[in-house]
Amino acid sequence: MEKAAICKVALGSLVGHLPATQWLNCPPPLALVELAHHQDMPACRISPEGLANKGGFGNYLSGSMLEEAAPLPMLDLIFPAFLIAAGLVLVSVMTSALAFRFGAPLLLVFLGIGLLAGEDGLGISYDDAESAYFIGSLALAIILFDSGFDTKLRSFRLAAAPAITLATLGVALTAGLVGVAAHYVFGLPWLESFLLGAIVGSTDAAAVFFLLRVGGITIRENVRSTLEVESGSNDPMAIFLTVMLLELILAQEAPTELWQDLLAGFVMQMGLGAIMGVAGGYVIVAAAKRITLEGALYPIGVISAAICLFGFVGMIGGSGFLAVFVAGLVAGNMRITGHVGLRRFLEGLTWIAQIAMFLTLGLFATPSEFLDIVLPAIAVAIALTFICRPLAIWLCLLPFGYERNETAFISWVGLRGAVSILLGIIPLAGGLENGQLLFNVAYIIVLMSLLLQGWTIRPMARWLGLIVPARIGPVERVGLDLPGQADHELIVYRVVKESPVLQGERLPRWARPSLVVREGRSMRYQYAGRLQEGDLVYMFVAPQYVRLLDRLFASPKKLTQDDADFFGKFSLDPTKPLSALVDAYGLSAVPEQHLDKSIADFMKRRLGGTVEVGDRVSCGSVDLVVRDIGAQGDIKEVGLAVDQMESQPHIPLFLSGGEIWRWVKERSGRK
Numbered sequence: 303m304e305k306a307a308i309c310k311v312a313l314g315s316l317v318g319h320l321p322a323t324q325w326l327n328c329p330p331p332l333a334l335v336e337l338a339h340h341q342d343m344p345a346c347r348i349s350p351e352g353l354a355n356k357g358g359f360g361n362y363l364s365g366s367m368l369e370e371a372a373p374l375p376m377l378d379l380i381f382p383a384f385l386i387a388a389g390l391v392l393v394s395v396m397t398s399a400l401a402f403r404f405g406a407p408l409l410l411v412f413l414g415i416g417l418l419a420g421e422d423g424l425g426i427s428y429d430d431a432e433s434a435y436f437i438g439s440l441a442l443a444i445i446l447f448d449s450g451f452d453t454k455l456r457s458f459r460l461a462a463a464p465a466i467t468l469a470t471l472g473v474a475l476t477a478g479l480v481g482v483a484a485h486y487v488f489g490l491p492w493l494e495s496f497l498l499g500a501i502v503g504s505t506d507a508a509a510v511f512f513l514l515r516v517g518g519i520t521i522r523e524n525v526r527s528t529l530e531v532e533s534g535s536n537d538p539m540a541i542f543l544t545v546m547l548l549e550l551i552l553a554q555e556a557p558t559e560l561w562q563d564l565l566a567g568f569v570m571q572m573g574l575g576a577i578m579g580v581a582g583g584y585v586i587v588a589a590a591k592r593i594t595l596e597g598a599l600y601p602i603g604v605i606s607a608a609i610c611l612f613g614f615v616g617m618i619g620g621s622g623f624l625a626v627f628v629a630g631l632v633a634g635n636m637r638i639t640g641h642v643g644l645r646r647f648l649e650g651l652t653w654i655a656q657i658a659m660f661l662t663l664g665l666f667a668t669p670s671e672f673l674d675i676v677l678p679a680i681a682v683a684i685a686l687t688f689i690c691r692p693l694a695i696w697l698c699l700l701p702f703g704y705e706r707n708e709t710a711f712i713s714w715v716g717l718r719g720a721v722s723i724l725l726g727i728i729p730l731a732g733g734l735e736n737g738q739l740l741f742n743v744a745y746i747i748v749l750m751s752l753l754l755q756g757w758t759i760r761p762m763a764r765w766l767g768l769i770v771p772a773r774i775g776p777v778e779r780v781g782l783d784l785p786g787q788a789d790h791e792l793i794v795y796r797v798v799k800e801s802p803v804l805q806g807e808r809l810p811r812w813a814r815p816s817l818v819v820r821e822g823r824s825m826r827y828q829y830a831g832r833l834q835e836g837d838l839v840y841m842f843v844a845p846q847y848v849r850l851l852d853r854l855f856a857s858p859k860k861l862t863q864d865d866a867d868f869f870g871k872f873s874l875d876p877t878k879p880l881s882a883l884v885d886a887y888g889l890s891a892v893p894e895q896h897l898d899k900s901i902a903d904f905m906k907r908r909l910g911g912t913v914e915v916g917d918r919v920s921c922g923s924v925d926l927v928v929r930d931i932g933a934q935g936d937i938k939e940v941g942l943a944v945d946q947m948e949s950q951p952h953i954p955l956f957l958s959g960g961e962i963w964r965w966v967k968e969r970s971g972r973k
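Written as structure tokens, this is what we have:
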């Protein structure tokens, strides 16, 4: 099926009306106004002459200006359409249980259901590139807002510099390296090869966030934050490269002038996206605090405002995707009204967006067209996975001091997903001669990425020693919203068997228990006596202390051998002087000027002022390990690992900047 027939307009011919970067972001009515001027679009039932005679698009729609066409039996189509659409969603939801049981990447399941239901499967024909791009963009905007909303500001600060480097320079390097591979594998012209590299150059936010947050693995915070911020902010660079290369291929004007326009457009996209995202986030929070609504309307209002921001920023030439991610980051880290309800609403809405996006893109593809190119496309996918992205990631992270295993894992979690498929639609809509080939190759690369990388993230993280073992067992907790702008949350804990509070551990003073429900009867906390298993305890707690209370109400978790290897077999008091540890173990690798400091101060200084659970400081024959941190980021517990982890590092590749510097110093010293 030739999908280029749907919209036979070259992006280069649109430059005279709208910049391509704006055309990609403009809402459907504006896009239709531009496209209405082109005579060679048989799929669009718009008469340009009628549009001009009626004085504009609004009058055109309000009148009978559509070219005469056979009336569609819409009433007969409504119910089958609802049945098919809802049935596909229901099948996707039900299949998720099997995916979780067998560890399959759930997004691949959604995409597979769409492929099976499509033209080569059950025979559902869907070939509308414009609506596919529209649905995918809307779903991605919702996913990115939720991703930003769930990202802690501390994590963003921790990973901002390396993640933004990966989102810009990393995408460009990856696109260039993939372009070289595509040129020699497919024999495409250089610009079209680099266009394919740009299409698959960015990681997919939906896939990365889903697999890291729903996949049930807990990895080092700096690695997790780097991956999440990178995937949430690298789409503008990929879009810019795709549009730039496509216009260079189709342009009739001087390339030098076009380069200047496109570079200026990129700066505007990134700048407006970031600035408007910050401003929009503050406006959303302020409006939610000052406008009184029904509780159920707050989440609807917030997500509607976020989508309005996405559309507005796109219309004025900025990156709407970056804007909604930044707005979500701002709103999620402020005490917005209805935070708990909004968190639940976004969770459900994000699931719907992911299912709708991957089902739509699955229906849009025609797998029978993949057969002729499947082997060379797999070769490009392997080059991307094992050569192009790892090399780009290593070069970008050299200045930031990442360990070998961390760099290896970041390079492995370069999942391609809906964004690459959406970008693959652009050459189709632009009328590029090889547009169908580029789309099909990008689709196969996405399938390979989800199959190979999506299925192996957990084993890879475990092999590289990056999974942080849980220190506590499951905890049963529910958060409830308080009206107004309260600084506390109402938290409900269920007392579970063998939890510390059941063993007599006292609640801290800053916890404010107000009610206990026991066997259906409510009573004041001070009259409830000793807590019993199954009790529901209602208390008012500041949000930053919730994690500390979890330890009191959680079931116990025994320290396994793997946990002991990770956290150290012995526990140390971080407030003790470092000199006592040096004397006990005869450590000669600790400088004398640090001996009067506490263990916690010494570790924090060596770690650059910011610590996270699992951080290690080597002291010669032993390692000091951060076991736990407080609400303010201070070290609360330290582990002592006498036998350093033999698994570090696993691989001889990805030398860190520090290792290279030490090697250079050693070589220069020998000379």
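With our numbering, letter number 379 in the sequence shown gets 681, and the count goes up by one each step, no holes. Ideal Cβ positions, reconstructed from N, Cα and C, are used throughout, including at glycine. Since the structure is predicted, the reported quantities are computational estimates derived from the model, not experimental observations.
For residue i, the nearest candidate out of the options (CA to CA)
| i | options | result |
| --- | --- | --- |
| G733 | A463, E549 and T476 | E549 |
| P701 | A681, A463 and I675 | A463 |
| S439 | E671, P491 and L724 | L724 |
| D452 | T652, Y847 and G767 | T652 |
| G634 | S670, G582 and W492 | G582 |
| G567 | L552, Y584 and M617 | M617 |
| L957 | L739, F381, L693 and Y435 | L693 |
| R929 | A484, R456 and M905 | M905 |
| P879 | P810, I541 and I901 | I901 |
| Y840 | R849, A856, R853 and A813 | A813 |
| R853 | E807, L529, R826 and S881 | E807 |
| L564 | K591, G613, M578 and G619 | G619 |
| R811 | A844, E735, L838 and C698 | A844 |
| T687 | C698, A710, D674 and R706 | A710 |
Cβ-based burial, residue i [other Cβ within 10 Å; buried from 16]
| i | result |
| --- | --- |
| C690 | buried |
| Q863 | The predicted model places Q863 with a pLDDT of 49, which falls under 50 and marks its position as unreliable; any figure quoted below should be read in that light. So Q863 ends up on the exposed side. |
| R646 | exposed |
| G650 | exposed |
| W696 | buried |
| L513 | buried |
| A345 | With a pLDDT of 39 at A345, under the threshold of 50, the modelled position of that residue is not reliable, and no figure is offered here. |
| L595 | exposed |
| P876 | buried |
| L717 | buried |
| I437 | buried |
| A333 | Because A333 sits at a pLDDT of 38, beneath the cut-off of 50, its placement in the model cannot be relied upon, and the following sentence gives the value as read from the coordinates. So A333 counts as buried. |
| T987 | Residue 987 is absent from the structure shown; the chain starts at 303 and stops at 973. |
| Y745 | buried |
| P331 | Caution is warranted here: a pLDDT of 37 is assigned to P331, below 50, making its placement in the model unreliable, and the coordinate value is therefore given only provisionally. So P331 counts as exposed. |
| F855 | buried |
| G481 | buried |
Own chain partners of residue i with C-beta closer than 7 Å, once the 5 adjacent residues on each side are dropped
| i | result |
| --- | --- |
| G643 | G597, Y600, P601 and D783 |
| F488 | P678 |
| G478 | F496 and G499 |
| T544 | L497, A500, I501, L725 and I728 |
| P538 | Q571, M572, G575, S621, F623 and L624 |
| P407 | L513, L752, G756 and W757 |
| W714 | Q755 and M762 |
| A484 | L490, S495, L498, G499 and V682 |
Contact belief for residue i with residue j at Cβ below 8 Å, rounded distance in angstroms
| i | j | result |
| --- | --- | --- |
| L547 | A500 | 6 Å |
| L752 | L409 | 6 Å |
| G420 | L665 | 5 Å |
| I605 | I444 | 7 Å |
| P898 | L909 | According to the sequence shown, residue 898 is Asp rather than Pro. So it is not a contact: roughly 19 Å between Cβ atoms. |
| G503 | T476 | 5 Å |
| V798 | S857 | 5 Å |
Any C-beta of chain B under 8 Å from that of residue i
| i | result |
| --- | --- |
| V480 | Structure shown: chain B not included; a single protein chain is present. |
6 Å Cβ shell around residue i - same chain, five flanking residues per side excluded
| i | result |
| --- | --- |
| E671 | N742 |
| S533 | T505, A507 and V510 |
| G314 | Unreliable placement is indicated for G314, whose pLDDT of 34 sits below 50; the coordinate value is still reported in the next sentence. Around G314: E549, L552 and A553. |
| G630 | F447, G450 and F451 |
| E708 | V525 |
Okay, do the segment 666-685 and the segment 451-468 touch, 3+ Cβ pairs below 8 Å being the bar?
no
Taking one C-beta from the segment 384-402 and one from the segment 656-674 each time, how about it: are there three or more such pairs within less than 8 Å?
yes
Quick test of the definition: if touching needs 3 or more C-beta pairs under 8 Å, does the segment 738-752 touch the segment 410-418?
yes
Should the segment 830-841 be regarded as contacting the segment 879-888, the criterion being three or more beta carbon pairs within less than 8 Å?
no
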